[in-house]
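So the structure is just underneath, and the comments pick up after that.
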Amino acid sequence: MKQTLNTYKERLQPIIEDYYANNAKKLHSVVDRIFNKHYGGTSNRDMDEFYGIATDVIVEIRDKETYDFTQGNFDRYFYNAVKMGIISEFYKRTCDKRSTKIDLLDENGENVYDKNGRKIRIAIPDVRIDAPINDNDDLTLGDTLQSDFKIEDNLSYLSDVYDSEKIETLLSSMTKTQKQIIEMKMNNITVQEIKEKLCLSSKEYSEIMNTIKENKNWKLFKTNSIKCKGEFKMGNVKAKDYAANIISIEIVDNIIPLEYVNNVIPLDLTDNYRMDKVPLKNLIDDMTSNKINRNYILQREACQWTPRQINKYLTRVLNSQPIPEIVICEQSVNSKKRSHLIDGLQRLSYASLFMHDKLTIGADGAEFCYIPYKEYLYDDDGNAILDEEGDAKFKMKLFYAVGKKFSEFPQYIKTRFEKFNVNVTTYFNCTDAQIAYHIRNYNNQEGMNKNQYEFTSMDVKIAEKIKKISKNHPFFNDCCGKYTNKNKTKGEVDRIVIESLMTINFLDNWKKEVKDSFSYVNENVTDDMFVSFTDTLDRLYQIVDKDVKDMFTTTNSSIWFAIFDKFKKFNLPDRKFKDFILYIKNNMNNLEFDKKPFVEIYKNKSTRDKKIVMGKIEILLHYMNNFFDNPNNNSTGELSFIMEEFNLSIDEINDDLSFYNTTLDDLTNKTIKDGSKLLDKQNRLSLLAMIIYSFKNEVDLDDWLLKYAEHNTTYNADQYENYLYMKKDFEQYQLHNKED
5 MKQTLNTYKE
15 RLQPIIEDYY
25 ANNAKKLHSV
35 VDRIFNKHYG
45 GTSNRDMDEF
55 YGIATDVIVE
65 IRDKETYDFT
75 QGNFDRYFYN
85 AVKMGIISEF
95 YKRTCDKRST
105 KIDLLDENGE
115 NVYDKNGRKI
125 RIAIPDVRID
135 APINDNDDLT
145 LGDTLQSDFK
155 IEDNLSYLSD
165 VYDSEKIETL
175 LSSMTKTQKQ
185 IIEMKMNNIT
195 VQEIKEKLCL
205 SSKEYSEIMN
215 TIKENKNWKL
225 FKTNSIKCKG
235 EFKMGNVKAK
245 DYAANIISIE
255 IVDNIIPLEY
265 VNNVIPLDLT
275 DNYRMDKVPL
285 KNLIDDMTSN
295 KINRNYILQR
305 EACQWTPRQI
315 NKYLTRVLNS
325 QPIPEIVICE
335 QSVNSKKRSH
345 LIDGLQRLSY
355 ASLFMHDKLT
365 IGADGAEFCY
375 IPYKEYLYDD
385 DGNAILDEEG
395 DAKFKMKLFY
405 AVGKKFSEFP
415 QYIKTRFEKF
425 NVNVTTYFNC
435 TDAQIAYHIR
445 NYNNQEGMNK
455 NQYEFTSMDV
465 KIAEKIKKIS
475 KNHPFFNDCC
485 GKYTNKNKTK
495 GEVDRIVIES
505 LMTINFLDNW
515 KKEVKDSFSY
525 VNENVTDDMF
535 VSFTDTLDRL
545 YQIVDKDVKD
555 MFTTTNSSIW
565 FAIFDKFKKF
575 NLPDRKFKDF
585 ILYIKNNMNN
595 LEFDKKPFVE
605 IYKNKSTRDK
615 KIVMGKIEIL
625 LHYMNNFFDN
635 PNNNSTGELS
645 FIMEEFNLSI
655 DEINDDLSFY
665 NTTLDDLTNK
675 TIKDGSKLLD
685 KQNRLSLLAM
695 IIYSFKNEVD
705 LDDWLLKYAE
715 HNTTYNADQY
725 ENYLYMKKDF
735 EQYQLHNKED
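So in the numbering used here, spot 388 of the sequence shown is number 392, and the numbers just go up one at a time.
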């Protein structure tokens, strides 16, 4: 029953006063907590506006009586209401009144008009990419802006295409889940319905959609183009982020007013630079003598590289291979010019240290460490010996660089190192803002991570086999594990494939360092190993679902692949392996090994340590052997088909399992001869199911089983199928005896 207004307000008043006590400290803390959790904090925001939203929520709760006191915690109700209010505010900020307008043009470049004769305009809103999309999965707009490709428009276009061969090529390149999503979208099923039917979270759905968009076979279909024109205000989201792949937007007529654009580099400075080739020693001398300032305030410190990076760089220069350019910004300060080194400090610093004998070339990272050089020939008087054409004679030799300082190198190599030409770009008349701009841009590229870097050393044919699995196998693309698109682009899935080949085939030679694992697999892997691993993925793809996929992480996938490889030897149905995974998942906190909690070993942070990796596999193998060798094991899903067949709970089956097993032992001792395959431990579950069937249906199995064992000496490895076969045979036996 709805409370009277006075009663409602009277009960709510002390709660409101509590929120506004101490200068509304509690109310402000709610808003701050929401921003800290969902928006990365409250810095650089106009928080008064959002505190005002919380006040609006209080007023609405009071005046519209939206809170039911019987529902419990007001603080939780208020928190959620304020959060939704803030989300709504972010959406309001993306409405048309804050959008850039552009005119819609047809294929001939003419304006398109509506039925009332008015120009049709397209709104390009300024949108925050960290604005939340829903209240369930913490999915933000940024998670959906992986490309400017809009799948709905392409599906609409696809439905008008009659080239079945192209469509088949597209669909055949997609995984089962991807095809399901495509088919649902073409039938106008909503995103929410798709997620519910496929049991996908918003983030999982977004990951799959991004993979679909990246499918290269979309290029098989031609696209249309619509030109747009209008004033584009510079914002944090580009117009192309709102354009479908079949609509390319371009600016025409040069109508971007300068007042809309900030931080423009004046036209007379945009080409005010020069590119030169300068000997390495000259650059080092200029830096050492402070002709080039190496300590610009925004520049990072020197000597940031690892020994591996240093050795790789120095041997590259010693082999006269090009290196990235050096960048200098020239600035006028107090009527004099200063040159600032803004990109290349590490390269020049390590070259300088090497030339002054402060560094020794190490083996780690030193590729092509035998340096070719010329040794010129001289006579006893020190004169160069000439050939018939008057050129100085020489011998070609190799110098082993590892373990050597600069002074130990032949003079020819030292001279070549000093004269090594470096590309230098110099910008003139720079302001501090422009120097900062150049520093940001020259350091904007993200370098290769370990996975990507070490992968470059793989043999091309082996790399192709690895990529074929990591990029194309549906196990990694169809939500069978906790793999994101970022994992794939960062080379994490490549690493998983390589480490899986290690755990399955070379566990005793496990390598802690990524580079060592990559190198070992590169040298020792065989085609048969790739075939076997692909078979493992094919079979796991059929059984790994939402119940167990969270066990296949970037850390532990290689462990589980190795365990499944051992499971293959049991010759059991693959769905039994899922039962085992469920057993580990559901009992992890209760399992022990050598009096140590298994969960501590399984979740150990030293994920690449050989002892930990081998320990996880050893323990899981121990549990798996017990799991499949013990006929009384009911702590897992191993008895799942029996529970489902007879509608028994785990407690019910636990209470009577000992009795059923004893009954089965007595029956088989009387009816089945020793040596019969029917007595194999792998066949016990189906016989156990028949015992339970006999009690549930109050029938006697003795005579039937005696005759059954005489004519059947083998069994189906799938125990559920075997049980169904025996039950059918028993029912026919009953029917035959009844007729007699």
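For each residue, glycine too, the CB sits at the ideal point set by N, CA and C.
None of the values given here were measured: they were computed from a predicted structure.
- When beta bridges are read from the DSSP output, Cys333 appears opposite His344 and Tyr431.
- Straight-line measurement puts the Cα of Ile330 at about 23 Å from the Cα of Tyr457.
- Each residue's CA atom was taken as its position, placing Phe421 and Lys614 some 42 Å apart.
- When DSSP reads this structure, Arg278 sits in a beta bridge with Thr430.
- The criterion of a C-beta distance shorter than 8 Å is satisfied by Ser690 and Tyr727.
- When beta bridges are read from the DSSP output, Met400 appears opposite Lys378.
- Taking 8 Å as the cut-off, the Cβ atoms of Val34 and Tyr83 count as close.
- Under the DSSP definition of a beta bridge, Ile296 partners with Ser343.
- Contact between the segment 600-618 and the segment 651-670 is absent: fewer than three C-beta pairs spanning the two stretches fall below 8 Å.
- For Thr540 and Lys570, the gap between their C-alpha atoms comes out near 10 Å.
- The count of Cβ pairs closer than 8 Å, one atom from the segment 283-293 and one from the segment 414-431, reaches three, so the stretches are in contact.
- The alpha carbon of Leu345 has as its nearest neighbour, out of Ile439, Ile327, Lys401 and Glu412, the alpha carbon of Ile439.
- The DSSP-derived three-state label of Glu596 is strand.
- Assigned with DSSP and collapsed to three states, Asn221 falls in helix.
- Where Met533 is concerned, the enclosing alpha helix (DSSP H) starts and stops at Asp531 to Ile547.
- Look at Tyr83 here: in three-state DSSP terms it is helix.
- Three or more beta-carbon pairs separated by less than 8 Å link the segment 567-586 to the segment 545-558, which places the two stretches in contact.
- Counting of Cβ neighbours within 10 angstroms places Ala693 among the buried residues, the total reaching 16 or more.
- With contacts defined as CB atoms closer than 8 Å, Ile567 and Leu505 fail to qualify as a contacting pair.
- Secondary structure note for Arg351: its alpha helix (DSSP H) is the uninterrupted segment Leu349 to Met359.
- When rounded, the separation of the alpha-carbon atoms in Thr435 and Ala467 is 47 Å.
- Rounded to the nearest angstrom, the gap between the Cα atoms of Ile696 and Trp708 is 15 Å.
- Following the DSSP letters along the chain, one finds Leu689 inside the alpha helix (DSSP H) bounded by residues Arg688 to Asn701.
- Partner residues in the beta bridge of Pro601, as assigned by DSSP, are Glu596.
- In the same chain as Ser523, and ignoring 5 residues on each side of it, no C-beta atom comes closer than 6 Å to its own.
- If the five residues before and after Glu53 are omitted, its C-beta is found closer than 6 Å to no C-beta atom of its own chain.
- Taking the Cα positions, Ile500 is about 18 Å away from Asp512.
- For the pair Leu381 and Ile375, the CB atoms are not nearer than the 8 Å cut-off.
- Counting along the chain, Met51 sits inside the alpha helix (DSSP H) bounded by residues Met51 to Lys68.
- Taken atom to atom, the span from the alpha-carbon of Lys362 to that of Thr430 is near 29 Å.
- Secondary structure at Tyr117: strand, using DSSP grouped into helix, strand and coil.
- In the same chain as Tyr209, and ignoring 5 residues on each side of it, the C-beta atoms closer than 6 Å to its own belong to Lys199, in chain order.
- 8 Å or more divides the Cβ of Lys475 from the Cβ of Val518.
- Relative to Asp598, the option among Glu622, Asp578, Ile588 and Ile38 whose CA is nearest is Glu622.
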